[in-house]
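**Student:** A single structure is presented below for examination.
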Amino acid sequence: MSTTVKDSVAGAEKLLDLREGEEEWMKLMLDAMPLACSLIKRDHKLIYINQEAISLFGESDKEDITEKHLEILPEFQPCGQRTTEFVYERMEKAFEEGYARSEVLYKKIDTGEPIPCESILVRIKHKNEYVLAAYARDLREQKNVIEEIRKAEIAEESNKAKSRFLATMSHEIRTPMNSIMGFAELAMDQVVEPQVKDYLEKITDSTRWLLCIINDILDISKIEAGKLELESVPFCLQDVIARCHSVILPSVKGKGLDVRFYVEPPAGKKLLGDPVRLYQVIMNLLSNAVKFTDTGIVKLSTFVEDEVDGSVTVYFEVRDDGIGMTPEQVEKVFAPFIQADSSTTRNYGGTGLGLAIVKNIVELMGGKLTVESTLGAGSVFSFEITFEVIDAHDDINGHTDFNALEKPRFDALILICDDNLMNRQVVCEHLARVGIETKVSENGKEAVEAVLERMQKGEKPFDLIFMDIFMPVMDGVEAASAITALNTGTPIVAMTANIMISELDNYKKNGMPDYLGKPFTSQELWRTLLRYLTPVSTSVVDDDEQMRDKAELLKMLQINFVKNNQTVFDDIIRAVDTGDMKLAHRLAHTLRGNAAQINKTGLRDIAAEIETLFKSGSPPDNKLLDSKINILKNKLTAALEELKPLLVDSGPVKGAVPAGTGEISALLEKVGPMLKNINPEVVKLLDDIRAVPGTEELVRQIENYDFESAAKTLAGLKKKYDGGV
1 MSTTVKDSVA GAEKLLDLRE GEEEWMKLML DAMPLACSLI KRDHKLIYIN
51 QEAISLFGES DKEDITEKHL EILPEFQPCG QRTTEFVYER MEKAFEEGYA
101 RSEVLYKKID TGEPIPCESI LVRIKHKNEY VLAAYARDLR EQKNVIEEIR
151 KAEIAEESNK AKSRFLATMS HEIRTPMNSI MGFAELAMDQ VVEPQVKDYL
201 EKITDSTRWL LCIINDILDI SKIEAGKLEL ESVPFCLQDV IARCHSVILP
251 SVKGKGLDVR FYVEPPAGKK LLGDPVRLYQ VIMNLLSNAV KFTDTGIVKL
301 STFVEDEVDG SVTVYFEVRD DGIGMTPEQV EKVFAPFIQA DSSTTRNYGG
351 TGLGLAIVKN IVELMGGKLT VESTLGAGSV FSFEITFEVI DAHDDINGHT
401 DFNALEKPRF DALILICDDN LMNRQVVCEH LARVGIETKV SENGKEAVEA
451 VLERMQKGEK PFDLIFMDIF MPVMDGVEAA SAITALNTGT PIVAMTANIM
501 ISELDNYKKN GMPDYLGKPF TSQELWRTLL RYLTPVSTSV VDDDEQMRDK
551 AELLKMLQIN FVKNNQTVFD DIIRAVDTGD MKLAHRLAHT LRGNAAQINK
601 TGLRDIAAEI ETLFKSGSPP DNKLLDSKIN ILKNKLTAAL EELKPLLVDS
651 GPVKGAVPAG TGEISALLEK VGPMLKNINP EVVKLLDDIR AVPGTEELVR
701 QIENYDFESA AKTLAGLKKK YDGGV
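Mind the numbering: the sequence shown is residues 1 to 725 in this note's numbering, read in order.
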């Protein structure tokens with residue numbers, strides 16, 4: 001029993017025994033209590049009630065409430081029991097046991113408002129009979145606080161759920177897009193009919209547009225999490241504006257508009273800031289201006305508004321002769337997911353995210369985005385930002401990363417950790433083209449073992465590690481954490497489609513401060529490499545050579561798809577029949593990724609649906625599974641039949657040993673330099689190599705692009721055949 005209640009009980013007991021003068025003092029004391037207090041006789045009648053009870057129950061007179069005390073009780077309690085039964089049970093318990101405590105719902109007499117209270121009944125003795133001292137504490141404020149806390153927790157969990165959803169969607173969308181965009185570009189580089197080329201260009205354009213939408217969603221999630229970070233690097237304002245001009249010009253010409261750019265940069269100065277985010281802001285405003293303008297002019301103006309020692313204020317303005325907005329539309333134009341009018345999305349497209357992102361980026365840069373618009377007469381978006389500046393010649397590394405890089409070449413060894421064979425092929429092929437030697441691991445455990453092996457042998461650590469995240473046995477996060485703990489000094493770059501800010505923070509905490517998002521272009525890969533490796537040389541990119549390389553890569557992936565997926569359907573069925581849902585899920589996941597790599601979208605989609613069915617680990621509904629499995633079988637069979645002729649085109653599969661050991665030695669001699677130089681052309685010799693007994697491990701290593709291990713295996717084979725064994 002609390003001290004307050006004990007003191008109140010003592011006061012109530014004394015109240016019954018005090019002389020007339022002292023009784024008045026005790027009544028005053030009880031009336032000043034913050035608890036509603038009353039005295040109840042054995043026949044349930046009230047004999048006293050204090051002032052707090054009068055206020056709590058909405059009555060003005062003590063005698064009236066004493067007579068109306070049953071009116072403060074609703075018919076039923078929240079538990080469903082009738083109030084009279086509930087209260088009388090509590091009273092009887094208190095009379096018998098001396099104490100009863102419970103939550104009781106009362107109501108105000110004047111308004112009927114429900115009042116949840118904590119009720120405490122204490123038995124006290126007066127002369128030869130017992131009475132109850134009843135105390136009630138109003139719980140409304142406490143419950144309101146609890147409800148607010150509950151709402152806040154729900155809101156927080158909702159935000160977490162949204163972030164998890166965005167992370168999942170980012171991964172699920174970006175993974176197949178890696179293949180769609182890559183293979184569409186590869187296909188365009190081949191000699192195709194004009195109509196097919198037109199289709200491929202439209203696919204590429206749509207993919208890039210979809211990537212923009214995904215990036216907008218990710219930027220919004222970063223902004224909401226307060227994790228959108230800005231760089232502070234030297235850059236040339238003219239370079240940013242020139243890049244904007246070259247990118248927007250085709251859209252402007254396509255609509256027959258007039259575009260005008262006016263740039264007044266600070267003389268002899270470079271700005272310190274984030275050129276990529278500034279480019280994003282300007283391009284978004286220009287794109288909107290072009291989108292909503294059918295005739296007339298789109299104009300970008302930038303000029304120096306103020307210049308003091310060490311800093312400069314630059315004013316930016318994008319003006320158009322477009323459809324304009326009403327004052328009501330202007331008020332909500334910066335809200336996320338909101339278009340100025342419901343017909344805007346239907347007529348012009350877009351998510352309504354762009355301006356919300358632009359506004360936040362401008363504010364992060366210390367500026368304020370404003371808009372002036374008149375319906376039917378166009379709009380003006382403007383902002384000004386103060387940049388720190390440096391003299392142009394002080395920027396030793398000064399160059400803007402908007403222009404295409406020259407192709408670098410490196411002398412380095414990189415560990416690729418990815419469970420998907422075709423993913424390994426793609427990245428190893430890209431790295432081989434810039435002179436990088438690679439070693440591959442199929443899961444995180446193998447990656448850790450590969451690092452340990454080099455340490456134990458006293459060999460130089462890997463120069464860089466690319467780490468996939470979702471893998472069996474040991475995932476990328478766990479592997480990166482284990483490798484970081486070995487203190488090799490090797491930087492680890494996450495290679496994943498899941499680049500939500502919350503996930504990136506997790507990667508950083510576990511030893512992966514950087515990431516290469518999927519899908520990636522060759523130049524994005526080069527930029528990542530340049531952050532950690534020093535090139536030994538650079539060269540101008542040969543477009544014709546790139547076209548040939550891309551075409552050969554696609555063909556190689558298609559051939560390997562046919563070779564590696566002949567039995568996958570039977571393997572999935574076998575896993576389901578034996579109840580191994582984890583294996584079935586894994587097989588479907590791999591098939592989905594492989595189908596995406598060769599742009600078989602129908603097969604990819606059905607494999608993804610089946611993967612989802614297996615995700616819970618429990619056997620799915622048989623009827624649903626049967627229908628999906630049949631579709632999968634048909635799609636897979638069609639893909640294999642379509643691509644099977646490539647096996648013939650790639651050369652006959654020899655089923656016997658070459659004519660003699662001389663031919664075998666010649667073949668192995670040919671393979672040696674190709675492995676040393678990480679030449680992907682060695683894959684074309686796989687059928688010849690398979691015809692040599694004892695080369696199974698060598699074939700597997702070459703297929704996995706593990707050229708380092710393949711070279712060691714080859715050395716053993718050469719000794720065997722050179723010795724005439």
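The C-beta atom is built at its ideal place from N, Cα and C for all residues, glycine as well.
Predicted model, so just to flag it, every value in this text is computed and none were measured.
Since residue 587 and residue 571 should fall inside the 8 Å C-beta cutoff, what is the C-beta to C-beta distance between them, to a whole number of angstroms?
**Tutor:** Residue 587 sits at position 587 when you count from the first residue of the sequence shown. Residue 571 sits at position 571 when you count from the first residue of the sequence shown. Correct: roughly 6 Å between the Cβ atoms.
**Student:** Tell me the DSSP bridge mates of residue 413?
**Tutor:** Taking the first residue of the sequence shown as position 1, residue 413 is located at position 413. Answer by DSSP bridge pairing, in chain order: 437.
**Student:** Give me the Cα-Cα distance between residue 567 and residue 585, rounded to the nearest whole angstrom.
**Tutor:** Position 567 of the sequence shown, counted from the first residue, corresponds to residue 567. Position 585 of the sequence shown, counted from the first residue, corresponds to residue 585. Their backbone Cα atoms lie some 16 Å apart in a straight line.
**Student:** With the cut-off set at 7 Å, would you say residue 416 and residue 424 are in Cβ contact?
**Tutor:** Within the sequence shown, residue 416 is the residue found at index 416, counting from 1. Within the sequence shown, residue 424 is the residue found at index 424, counting from 1. It is a contact, given that the beta carbons lie within the stated cut-off.
**Student:** With DSSP as the reference, identify every bridge partner of residue 514, one or two as the case may be.
**Tutor:** Counted from its first residue, the sequence shown places residue 514 at position 514. Bridge partners of residue 514: 493.
**Student:** Please list, in chain order, all residues of the same chain as residue 396 whose beta carbon is under 8 Å from its beta carbon, the five residues on each side excluded.
**Tutor:** Walking along the sequence shown from the start, residue 396 turns up at place 396. Per-residue confidence for residue 396 stands at a pLDDT of 36, beneath the threshold of 50, marking its modelled position as unreliable; the derived number appears in the next sentence. Result list for residue 396: empty, nothing under 8 Å.
**Student:** Quick one: measure Cβ to Cβ for residue 78 and residue 39, integer angstroms, because I've assumed they're closer than 8 Å.
**Tutor:** As a position in the sequence shown, residue 78 is number 78, starting the count at 1. As a position in the sequence shown, residue 39 is number 39, starting the count at 1. Their Cβ separation, rounded to whole angstroms, is 26 Å, which puts residue 78 and residue 39 out of contact at 8 Å.
**Student:** Nearest-angstrom Cα distance between residue 536 and residue 411?
**Tutor:** Working through the sequence shown from its first residue, we reach residue 536 at position 536. Working through the sequence shown from its first residue, we reach residue 411 at position 411. Using only the alpha carbons, I get a separation of about 7 Å.
**Student:** Go to residue 384, then tell me how far its beta strand (DSSP E) extends in each direction, as first and last residue.
**Tutor:** The count along the sequence shown starts at 1 and reaches residue 384 at position 384. Residue 384 -> beta strand (DSSP E) spans 378–391.
**Student:** Check whether the stretch 269–280 and the stretch 232–252 are in contact - that is, three or more C-beta pairs closer than 8 Å.
**Tutor:** Touching, yes, given that three or more Cβ pairs across the two stretches are closer than 8 Å.
**Student:** Give me whichever residues DSSP pairs with residue 107 in a beta bridge.
**Tutor:** Taking the sequence shown and counting its residues from 1, one reaches residue 107 at position 107. Paired residues: 114.
**Student:** Classify residue 150 as buried or exposed, calling it buried when 16 or more other Cβ atoms lie within 10 Å of its own Cβ.
**Tutor:** In the sequence shown, counting from the first residue as 1, residue 150 sits at position 150. Exposed: under 16 other Cβ atoms inside 10 Å.
**Student:** Terminal residues of the continuous beta strand (DSSP E) containing residue 134?
**Tutor:** In the sequence shown, residue 134 corresponds to position 134, counting from 1. That run of the beta strand (DSSP E) goes 129–138.
**Student:** Could you give the first and the last residue of the continuous alpha helix (DSSP H) run that contains residue 275?
**Tutor:** As a working note, residue 275 is residue 275 in the sequence shown. Here the alpha helix (DSSP H) through residue 275 covers 275–291.
**Student:** Could you work out which residue in 632, 623 and 600 is closest to residue 611 when comparing CA atoms only?
**Tutor:** Residue 611 sits at position 611 when you count from the first residue of the sequence shown. Per the Cα distances, 632.
**Student:** Give a yes or no on whether the C-beta atoms belonging to residue 281 and residue 289 are separated by under 7 Å.
**Tutor:** In the sequence shown, counting from the first residue as 1, residue 281 sits at position 281. In the sequence shown, counting from the first residue as 1, residue 289 sits at position 289. Against a cut-off of 7 Å, the Cβ pair of residue 289 and residue 281 comes out as no contact.
**Student:** For residue 414, collect the residues of the same chain with a Cβ closer than 8 Å to its Cβ; drop the 5 residues on either side in sequence, then sort them by chain order.
**Tutor:** Start at 1 with the first residue of the sequence shown, and residue 414 comes out as number 414. Cβ within range, chain order: 431, 436, 437, 438, 439, 462, 463, 464, 465 and 466.
**Student:** Just to confirm the assignment, what range does the alpha helix (DSSP H) spanning residue 428 have?
**Tutor:** The residue labelled residue 428 in the question sits at position 428 within the sequence shown. Start and end: 421–432.
**Student:** Between residue 50 and residue 146, what straight-line distance do the alpha-carbon atoms span, to the nearest angstrom?
**Tutor:** Indexing the sequence shown from 1 puts residue 50 at position 50. Indexing the sequence shown from 1 puts residue 146 at position 146. Rounded to the nearest angstrom, the two C-alpha atoms are 28 Å apart.
**Student:** Does the separation of the CB atoms of residue 314 and residue 385 fall below 7 Å?
**Tutor:** Counting from one through the sequence shown, the residue named residue 314 turns up at place 314. Counting from one through the sequence shown, the residue named residue 385 turns up at place 385. Yes, Cβ-Cβ distance for residue 314 and residue 385 is below 7 Å.
**Student:** Considering only the beta carbon of each residue, do residue 316 and residue 383 sit closer than 7 Å?
**Tutor:** Sequence index remark: in the sequence shown, residue 316 carries index 316 (1-based). Sequence index remark: in the sequence shown, residue 383 carries index 383 (1-based). Yes, the pair counts as a contact, with Cβ atoms nearer than the cut-off.
**Student:** On the DSSP bridge list, what partners appear for residue 320?
**Tutor:** Against the sequence shown, residue 320 aligns to sequence position 320. 298.
**Student:** Give the secondary structure of residue 271 by DSSP, where H, G and I count as helix, E and B as strand, and everything else as coil.
**Tutor:** As a first step, residue 271 must be located in the sequence shown, where it is residue number 271. Three-state result, residue 271: strand.
**Student:** Quick check: what's the CA-CA separation for residue 254 versus residue 302?
**Tutor:** Position 254 of the sequence shown, counted from the start, is the residue given in the question as residue 254. Position 302 of the sequence shown, counted from the start, is the residue given in the question as residue 302. C-alpha separation (whole angstroms): 25 Å.
**Student:** Is residue 478 helix, strand or coil when you go by DSSP?
**Tutor:** Counted from its first residue, the sequence shown places residue 478 at position 478. In this structure, residue 478 counts as helix in the three-state DSSP scheme.
**Student:** Once the 5 residues before and after residue 374 are set aside, which same chain residues still bring their CB inside 7 Å of it?
**Tutor:** Counted from its first residue, the sequence shown places residue 374 at position 374. Same-chain partners within the cutoff: 324.
**Student:** Is the separation between the beta-carbon of residue 207 and that of residue 181 shorter than 7 Å?
**Tutor:** For this step, residue 207 is matched to residue 207 along the sequence shown. For this step, residue 181 is matched to residue 181 along the sequence shown. Yes, these two residues count as a Cβ contact at 7 Å.
**Student:** Is it buried or exposed, residue 35, if we count other Cβ atoms within 10 angstroms and call 16 or more buried?
**Tutor:** Residue 35 sits at position 35 when you count from the first residue of the sequence shown. Buried.
**Student:** Starting from residue 261, trace the alpha helix (DSSP H) in both directions and tell me its first and last residue.
**Tutor:** For the purposes of this step, residue 261 is taken as the residue at position 261 of the sequence shown. Residue 261 -> not in any alpha helix (DSSP H); beta strand (DSSP E) instead, spanning 258–263.
**Student:** My assumption, with CB atoms under 8 Å, is that residue 718 sits in contact with residue 668. Please give the rounded CB distance.
**Tutor:** For the purposes of this step, residue 718 is taken as the residue at position 718 of the sequence shown. For the purposes of this step, residue 668 is taken as the residue at position 668 of the sequence shown. Contact flag correct, Cβ pair sits at about 5 Å.
**Student:** Between 487, 452, 493 and 488, which lies nearest to residue 476 when the distance is taken from Cα to Cα?
**Tutor:** Sequence index remark: in the sequence shown, residue 476 carries index 476 (1-based). Checked all of 487, 452, 493 and 488; the closest Cα to residue 476 is 493.
**Student:** On the three-state DSSP scale, how would you describe residue 357?
**Tutor:** Reading the sequence shown from its first residue, position 357 is the one you call residue 357. Three-state result, residue 357: helix.
**Student:** Can you name, in chain order, every residue of its own chain whose Cβ lies under 7 Å from the Cβ of residue 714, other than the five neighbours on each side?
**Tutor:** Mapped onto the sequence shown, residue 714 falls at position 714. So the qualifying residues of the chain are 668, 671, 672, 675 and 698.
**Student:** Can you give me the C-alpha to C-alpha distance between residue 133 and residue 141, rounded to a whole angstrom?
**Tutor:** Working through the sequence shown from its first residue, we reach residue 133 at position 133. Working through the sequence shown from its first residue, we reach residue 141 at position 141. The straight-line gap from Cα to Cα measures roughly 24 Å.
**Student:** Using the DSSP secondary-structure output, state which residues sit across from residue 235 in a beta bridge.
**Tutor:** For the purposes of this step, residue 235 is identified with residue 235 of the sequence shown, where counting begins at 1. The partner list for residue 235 (beta bridge, DSSP) reads 271.
**Student:** Output needed for residue 711: all residues of its chain with C-beta closer than 7 Å, excluding positions within five of it in sequence on either side, in chain order.
**Tutor:** Position 711 of the sequence shown holds residue 711. So the list reads 675 and 676, once near-sequence residues are dropped.
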